[in-house]
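What follows is a set of notes on a single structure, which appears directly below.
2 protein chains.
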Amino acid sequence: METRTLETGERILDAAERLFMAHGYEGTSMRQITGEAGVNLAAVNYHFGSKESLMQEVFRRRLDWLNEERMRVLDEMEREANGQPLKPSAIVDAFFGTLLRMAGDEKRGGITFLRLLGRTLTEPSEFIRAFLAHEYKTVMDRYKEALFRALPEVPKAEIVWRFHFMLGATSYAIAGTDALRLVTDWQIEEEDSTDRLDRLVPRLMSFLMGGLRAPLPQY
Amino acid sequence: METRTLETGERILDAAERLFMAHGYEGTSMRQITGEAGVNLAAVNYHFGSKESLMQEVFRRRLDWLNEERMRVLDEMEREANGQPLKPSAIVDAFFGTLLRMAGDEKRGGITFLRLLGRTLTEPSEFIRAFLAHEYKTVMDRYKEALFRALPEVPKAEIVWRFHFMLGATSYAIAGTDALRLVTDWQIEEEDSTDRLDRLVPRLMSFLMGGLRAPLPQY
DNA sequence: CTATGATTTAAACGAACGTATGAATCATAG
DNA sequence: CTATGATTCATACGTTCGTTTAAATCATAG
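Chain order of the listed sequences is A and B. Residues 1 to 219 (my numbering) are what the first sequence spells out, left to right. Residues 1001 to 1219 (my numbering) are what the second sequence spells out, left to right.
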């Protein structure tokens, strides 16, 4: 008898996370998932009810922690600021930096979940978008408010747009670590993959802050 | 007998473009496509051979023009510059601005194709990525070289990363015009949809240039 | 007109899909 | 030990998938 260190449910979630990341939701079958997890085909429906519920649980397992952490960091920063507006760079780091630093934390899903998240934000499935919207709403509103206060001279609509652009740049930074290598055909010879991740955070952060602080467009 | 203004092949391409945009490649069936196009189920395999070939043709129809236009604009700018390096903003506008201005050109696919492209760049399907890589390689190399020359003081690796970030921001700007509205839950009350598109180009361009010119990160 | 090749059509193919079922097996409490 | 509920198992259900086939229809040249 083999030593089964992980519960069936966890094994399924891990396999589903990796396969959804690699092939998308529609492109991944229940038989692939249960095959990779080493469990019976019926196990998904027994433990999660359906494929849709499984997908939601894959996200909830990671997003609950991430968004609580984002809230916790923002709470602490605002407490220390004593009512003063926060620095924009601190807000951006709390939101995007917290996300990116998940990539180094293997027990929180690591790079696999981040890639899944990055590509899911542009995916079409209605129920996934609705689920993410609900899951994200509270934390998103808090961060938008913080940015409004931190940048009082910038029109709110402009801030929302730039927040959106930042999401896109970050999503690509994660999801495209290998996806867009084909398209861009770059070689970054001098760095191994762990090095690349460590340097990605400051690199991306510089870019995001540059974009956020850019002169307003004149129409 | 009805007046059929469009050929069968064109009708299929139009339907496939819209449906792939709305539901993704795996999420769209041949029966949906032929149903919306008002043609027989077998027509796709007769005219295009397979679903994969159809997808490639959907992209080729638009990308051929786009990338030729990008080349043409860059050629003309370099001719006028007489060997001098180009302005980074001119290069960025030639690459991303040309793309965005497709959105207003309905006979080039308009906003539908741009959304499809934006979401496909983060999609997983192996054959699509390989196809896009081949389709994009030449124009990508030309623009990278132009940026290297325009920004001689910036390390090439940094330029490539920032080009990548710019792609992500642009992709989200397009694909997420309604996709991420759920997540961000914004209201931009003062603008209708045509207005929004007109203002998107300068808005995004400001953001991209701010990110591209941002101070280099110190490690 | 007739002949010929291109196109469209209805129907079917085998394969893969998500899900459901009932029996077998397991863990645990009494 | 036995009893009970949780879990795993092999198997099958009904649908839908992309693709193929052969006959029907169309367009056009001689």
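Virtual Cβ for every residue (Gly too), placed ideally from N, Cα, C. Just so we're clear, the structure is a prediction, and the values are computed from it rather than from any experiment.
Return the first residue and the last residue of the alpha helix (DSSP H) that residue i is part of.
i: Ala1016 of chain B; result: 1008-1023
i: Arg108 of chain A; result: Per DSSP, Arg108 of chain A belongs to no alpha helix (DSSP H) and is neither H nor E.
i: Gly97 of chain A; result: Neither: Gly97 of chain A is in no alpha helix (DSSP H) and is coded neither H nor E.
i: Tyr136 of chain A; result: 126-150
i: Thr34 of chain A; result: 30-37
i: Ser51 of chain A; result: Residue 51 of chain A is actually Lys in this sequence, not Ser. From DSSP, the alpha helix (DSSP H) with Lys51 of chain A extends over 51-81.
i: Val1154 of chain B; result: Looking at the DSSP string, Val1154 of chain B is not in any alpha helix (DSSP H), and its letter there is neither H nor E.
i: Asn1045 of chain B; result: 1043-1048
i: Ala1090 of chain B; result: 1088-1092
Tell me which residues share the same chain as residue i and place their Cβ nearer than 7 Å to its Cβ, disregarding the 5 neighbours each side in the sequence.
i: Glu1052 of chain B; result: Phe1127
i: Arg162 of chain A; result: Gly211, Leu212
i: Met77 of chain A; result: Leu86, Ala90, Ala94
i: Ala43 of chain A; result: Thr8, Ile12, Thr34
i: Leu1116 of chain B; result: Glu1017, Phe1020, Met1021
i: Ser125 of chain A; result: Tyr25
i: Val139 of chain A; result: Asn67, Arg70, Met71
i: Glu36 of chain A; result: Ala15, Leu19
Express the C-alpha separation of residue j and residue i in angstroms, rounding to a whole number.
i: Glu57 of chain A; j: Thr1034 of chain B; result: 35 Å
i: Leu1041 of chain B; j: Ser1050 of chain B; result: 12 Å
i: Gly110 of chain A; j: Ala1173 of chain B; result: 27 Å
i: Ala157 of chain A; j: Leu208 of chain A; result: 17 Å
i: Asp1198 of chain B; j: Met30 of chain A; result: 44 Å
i: Leu1167 of chain B; j: Ala169 of chain A; result: 7 Å
i: Gly1097 of chain B; j: Leu216 of chain A; result: 17 Å
i: Gly27 of chain A; j: Glu145 of chain A; result: 38 Å
i: Thr1122 of chain B; j: Tyr25 of chain A; result: 13 Å
i: Arg203 of chain A; j: Ala15 of chain A; result: 31 Å
i: Arg60 of chain A; j: Lys107 of chain A; result: 14 Å
i: Met71 of chain A; j: Thr1112 of chain B; result: 36 Å
i: Gly104 of chain A; j: Asp1105 of chain B; result: 43 Å
i: Ala214 of chain A; j: Gly1038 of chain B; result: 48 Å
i: Leu1200 of chain B; j: Leu100 of chain A; result: 27 Å
i: Arg129 of chain A; j: Pro155 of chain A; result: 27 Å
i: Val73 of chain A; j: Arg62 of chain A; result: 17 Å
i: Leu114 of chain A; j: Thr120 of chain A; result: 10 Å
i: Asp64 of chain A; j: Leu1006 of chain B; result: 50 Å
i: Met1205 of chain B; j: Gln218 of chain A; result: 11 Å
i: Phe1165 of chain B; j: Arg142 of chain A; result: 25 Å
i: Glu10 of chain A; j: Asp75 of chain A; result: 31 Å
i: His23 of chain A; j: His1023 of chain B; result: 15 Å
i: Lys223 of chain A; j: Lys1137 of chain B; result: As shown, chain A starts at 1 and ends at 219. That puts residue 223 of chain A outside it, with no answer to give.
Just to confirm my understanding: we take residue i, look at its own chain, exclude 5 residues before and 5 after, and list those with CB closer than 8 Å. What are they?
i: Ala150 of chain A; result: Pro85, Leu86, Lys87, Pro88, Ile91
i: Pro152 of chain A; result: Pro85
i: Leu1147 of chain B; result: Pro1088, Ile1091, Ile1159, Phe1163
i: Trp186 of chain A; result: Residue placement at Trp186 of chain A is poorly supported in this model, since its pLDDT is 48, which falls under 50; the coordinates still yield a value, given next. Cβ neighbours of Trp186 of chain A beyond the five flanking positions: none.
i: Met1102 of chain B; result: Arg1062, Leu1066, Arg1108, Gly1109, Gly1110, Phe1113, Leu1114
i: Tyr1046 of chain B; result: none
So, at 6 Å on beta carbons, what are the nonlocal neighbours of residue i in its own chain, with the 5 sequence-adjacent residues on each side left out?
i: Gly118 of chain A; result: Ser171, Ile174, Ala175
i: Leu54 of chain A; result: Ala16, Val44, Phe48
i: Gln32 of chain A; result: Leu19
How about the stretch 72-87 of chain A and the stretch 121-133 of chain A: do they share at least three Cβ pairs that are nearer than 8 Å?
Contact fails between the stretch 72-87 of chain A and the stretch 121-133 of chain A, because fewer than three Cβ pairs, one in each stretch, are under 8 Å apart.
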